[in-house]
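Note sheet for the following structure.
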Amino acid sequence: MIGLLGFGKSNQILYKFLKGKKLFVSEISSLPKKWKKIFIDDGTEFEENGHSEKLLKCDLIIKSPGAKRNLPILKAAEKKGIEIINEMEYTYRVLRTLHMVPKIVVITGTNGKTTTTSLIGEMLKQNYEVFVGGNIGNPFCEILNVPKKPQIAVLEISSFQALDLKDFKIDALAILNIKQDHIDWHGSFENYKNAKLKLLKHCRDDGVVILNMDDEILRSVSYDGNLMYFSLNNEKADFYMDVSNKKVYFHSNFLFKMPDVLKYNHNYYNALAAIAVSKNFGIQDSLILKILKNFEPEEHRLEEFFEFKGIKFINDSKATNSSATIAAINSFPEKRIILILSGKEKNEDFSELIEIIKNRVKHTVLVGEMVETLKGYFNSENIAHSIESTFYNAVEKAIKVASEGDYILLSPAGASFDMFDDYKHRGKTFKKIVFDILKGNG
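Each residue of the sequence shown is one higher than the last, beginning at 98 in the working numbering.
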């Protein structure tokens, strides 16, 4: 019997593929009525609102990425010798059994994964049948339902997913950066870092690993196989872009200029990683450039959406950790930034962020759970700031403080769940409030 621990999107899709096998579904919260009806009709055993020892009757447990390994039921399963994997590992094994494993490209990192995964997918599609999925929102098991066999699978993998991989093999791995994030889930930064770097052990001997040379941790990684670097700071890197003129080089040979549609360092890094992967798969420079020229900046990631009386409004709601917010602050002129910090923090060390704010930000508005975490830092360092009780008031205050030439930057450095459904809900709310406040003031 196969146990499905957690019944989010990936296990829901996997369930449809596994239909006909003996299954047991265990969900920690309540299950939707439509799924309970399906289970009853299929004759599938299930439980909700907790995990019981019924899971220990399973031969294999496929867990949701967000379920922690230290759950008592999983510890008991491990003790009993029951194998625990995730949907991604199970899908790989099915493909291997069918002799249908495509070339696998994996993208991971603290920030930039989704944009880079999408770019690589589009570039590789110029010459290959490509499946794009993983943490980007399309579970790997969807590949089992694709009518035409993909030659390459491009997968975004999170630190949670990486931990549960075993036999999984990678042909090309790009790690964009490793900064503090998800400390609340992993318990320590060391555990988080090791989860990311664990992917190196899954690389095939004839594969390629592509790392950001400008990232302090990645620069010091030891790897015996085929290793390539990309950089904005070191012209000796395999893939280098000169930020002053946007010229891109491969092994010191000029390739092309980065298109103007790509702005800010974080997008340059994402593009360089995508270029590196695509060149390794033989994609022509002209096709790579075509995709870059058609690049559409991601909503909620340094999205410049409005200008009013010389004040620019930037929606960076996707910045849910301090490193993403630091990158955002460094993208704009010193002392012209009105920063809004908001949300639920993840047990991070904020000392680097505070130092950057002190030196570069004109005024900071704090709102949400973040207030209790950060107000002590701001008071002790005597940093200009305001504390607001509602998100609306925070945006209103930022507008009052700003003057011509300033940038009002929502780059929260925290998860959105204290006030919103997700970062998208927060970003859309920010934009709506801005338009509501300024309506009629033009």
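Heads up, the beta-carbon is just placed ideally off N, CA and C, and yes, glycines get one too. Quantities reported herein were computed from a predicted structural model and do not represent experimental measurements.
Q.
Suppose contacts are defined by Cβ-Cβ distances below 9 angstroms. Is Val345 in contact with Lys266 by that definition?
A. no
Q.
One question on the structure: do Gly524 and Leu535 come within less than 9 angstroms of each other, judged by their Cβ atoms?
A. no
**Q.** Minimum C-alpha distance to Tyr365 - residue among Phe327, Leu252, Val227
**A.** Phe327
Q: Starting from Lys160, follow the alpha helix (DSSP H) in both directions and report where the run begins and ends.
A: Careful: Lys160 lies outside any alpha helix (DSSP H), inside the beta strand (DSSP E) at 157-160.
Q: Would you check if the distance between the CB atom of Tyr504 and the CB atom of Ile437 is smaller than 9 angstroms?
A: no
Q.
Just to confirm the assignment: which complete alpha helix (DSSP H) runs, minimum length 4, are found wholly within the segment 122-203?
A. 130-139, 169-176, 184-194
Q: Please name the residue, chosen from Asp312, Met310, Asn309, Lys298, that lies closest to Asp321 on a Cα-to-Cα basis.
A: Lys298
Q.
Buried or exposed for Ser513, going by 16 or more other Cβ atoms inside 10 Å?
A. buried
**Q.** Cβ shell of Asn367 (< 6 angstroms), same chain only, five flanking positions each side left out
**A.** Gly209, Thr212, Thr213
Q. How big is the Cα-Cα spacing for Val251 and Ser500?
A. 44 angstroms
Q: State the DSSP-derived secondary structure class of Arg398, mapped to helix, strand or coil.
A: coil
Q: Could you tell me the boundaries of the alpha helix (DSSP H) in which Met597 lies?
A: This structure leaves residue 597 out entirely; the chain is present only between 98 and 539.
Q: Would you check if the distance between the CB atom of Val498 and the CB atom of Ile453 is smaller than 9 angstroms?
A: no
(Q) For the alpha helix (DSSP H) containing Gly218, name the first residue and the last one. (A) 210-221
Q | Sequence ranges, beta strand (DSSP E) only - wholly within the segment 243-328, length at least 3 | A | 249-253, 267-272, 300-309, 323-328
Q: With DSSP collapsed to three states, give me the class of Gly440.
A: coil
(Q) Short of 7 angstroms in beta carbon distance, which residues of its chain neighbour Asp515, apart from the five on each side in sequence? Order them along the chain. (A) Gly440, Lys441, Gly465, Glu466
**Q.** Where Asp335 falls: helix, strand or coil (DSSP)
**A.** coil
Q | First and last residue of the uninterrupted beta strand (DSSP E) at Ser107 | A | Segment 106-115 is the alpha helix (DSSP H) holding Ser107; no beta strand (DSSP E) there.
Q) Would the beta-carbon of Gly502 be found less than 8 angstroms away from any heavy atom of the ligand COA? A) Only the bare structure without any ligand can be found here, which leaves the ligand COA out of the picture.
Q. With a CB to CB cut of under 7 angstroms and the five nearest residues on each side skipped, what residues in its chain are close to Lys528?
A. Phe402, Asn412
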